[in-house]
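See below for the structure under consideration.
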Amino acid sequence: MKGYSFEQFVSDFKLKYKVGSEEYAQRKSLFEKELNRVVLHNSGNASWKETVNPTSALTSEEKKAFYGRNKKSDASHRPKHESKLLPSHFTKRPLSELPTDVDWRTEGVVTAVKDQGHCGSCWAFASTAVIESHVALSTGQLFDLSPQQIAACSPNPNHCGGNGNCQGATAEVAFDYVAGSDGLMEEFQYSYSSYFGVESGCAVPEGTAPKAIVDGYVKLGENNYSDLLNAIAQVGPIAVSVDASTWHAYAGGIFDGCNQETPDINHAVVLVGYGTDNGKDYWLVRNSWSASWGEAGYIRLARSNTDESKCGTDVTPHDGSACDGQDDPITVCGTCGILYDNSYPTGAGLA
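The sequence shown begins at 9 in my numbering and counts up one residue at a time.
Here it is as structure tokens:
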């Protein structure tokens with residue numbers, strides 16, 4: 009990668025920066041700084057590797073378009089369908105009795121990785137993916153459902169996690185919307201139109217029947233390692249919130265590069281399993297930045313049974329658009345804050 013030129017980068021990723029323009033010079037400077045950082049990182053002994061990709065010439069402000077989950081949301085979200093307790097058939101087991109590794113992809117209940125593009129709709133993609141998996145677990149049928157419907161149609165009057173659509177929200181907002189609606193359409197019925205960051209109003213197509221329903225959601229205990237490990241082992245994929253501020257260059261390996269002192273919870277993703285690689289434990293996480301990012305669209309985050317003590321403080325829980333009136337700093341634990349906010353839908357089935 010050393011010696012890789014900006015001109016080659018522009019050609020490889022088919023970027024449309026006009027040679028000789030002020031923007032071209034700015035992008036080249038950003039790219040060269042990022043390339044040097046990536047080369048330096050990869051020359052060390054970290055447990056993950058990094059690379060250049062289409063985000064390597066973006067500003068930090070521009071990269072925020074790839075997020076869409078703002079802070080301190082769930083304490084203020086007042087759902088129509090109250091968060092449920094863990095189901096009666098769920099028995100929390102000692103960690104020593106849980107499987108040593110879990111990967112729900114191998115069970116045929118996880119769809120292909122998708123791409124949210126330049127819209128802050130990660131919350132819609134994460135919730136849609138989790139609903140897809142839970143419908144498959146309950147019915148044996150796996151469908152590609154519509155993140156566009158969730159992004160455009162989910163009411164968010166308290167501005168939880170953002171202002172909705174491309175401006176961010178939470179998986180809980182999404183689960184609440186689906187529980188109170190006629191159901192969620194398939195992707196081919198209501199396709200994604202916000203890739204370039206252009207929002208559209210709710211326009212559920214008439215004359216077509218929804219495919220999937222849920223009746224509410226379970227919210228796991230905040231910063232609770234045992235709850236999360238038990239749920240992913242016994243229930244299925246889980247919607248989780250993280251600080252993805254340092255994820256853009258990730259190429260592979262077990263990532264442990266987040267700011268753990270002052271994390272900034274800003275992204276919703278899907279936990280699909282966990283495991284161990286060469287003695288290093290990890291969480292297996294599905295992202296929504298396309299299958300060309302990371303490990304075929306996934307990232308492995310460092311995991312430890314001491315994660316509840318690996319904590320930091322999100323000091324800007326209301327920078328932008330958290331739930332109205334919530335601005336107290338919050339404590340988040342685990343790598344990239346993965347233990348803080350976790351939920352999954354209940355009553356998943358066919359409409």
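Beta carbons are placed, not taken as given, at the ideal position from N, Cα and C, and that holds for glycine.
Asked: What span of residues does the beta strand (DSSP E) with N274 cover, start to end?; Found: Counting along the chain, N274 falls outside any beta strand (DSSP E), and DSSP gives it neither H nor E.
Asked: Quick check: I139 and V222, are their CB atoms within less than 8 Å of each other?; Found: yes
Asked: Would a C-beta distance cut-off of 8 Å place T136 and P155 closer than the cut-off?; Found: yes
Asked: Is G188 helix, strand or coil when you go by DSSP?; Found: helix
Asked: In the DSSP output, what is K288 paired with across the bridge?; Found: D285
Asked: To the nearest whole angstrom, what separates the beta carbons of L236 and L228, a pair I think is in contact under 8 Å?; Found: 6 Å
Asked: By Cβ distance, which residues of its chain are closer than 7 Å to F39, with the 5 residues on each side in sequence left out?; Found: F14, F17, S64 and A65
Asked: Output the distance between the C-alpha atoms of V186 and Y12, rounded to the nearest integer angstrom.; Found: 47 Å
Asked: For G345 and P271, which I take to be in contact (beta-carbon distance under 8 Å), what is that distance rounded to the nearest angstrom?; Found: 5 Å
Asked: Exposed or buried, what is T339 when buried is set at 16 or more other beta-carbons lying within 10 Å of its beta-carbon?; Found: exposed
Asked: Whole angstroms is fine: what's the gap from A33's alpha carbon to A73's?; Found: 22 Å
Asked: Check whether the segment 256-263 and the segment 291-305 are in contact - that is, three or more C-beta pairs closer than 8 Å.; Found: yes
Asked: Report buried or exposed for G287, applying the criterion of at least 16 other Cβ atoms within 10 angstroms of its Cβ.; Found: exposed
Asked: Taking the C-alpha atoms as reference points, what is the distance between L192 and T284?; Found: 35 Å
Asked: Which of helix, strand or coil does DSSP assign to K100?; Found: coil
Asked: Tell me the DSSP secondary structure of G345 in three-state form.; Found: helix
Asked: I'd like the list of long-range same chain contacts for F133, defined as Cβ closer than 7 Å, with 5 residues on each side in sequence excluded.; Found: K122, Q124, P155 and S296
Asked: According to DSSP, is P353 part of a helix, a strand, or is it coil?; Found: strand
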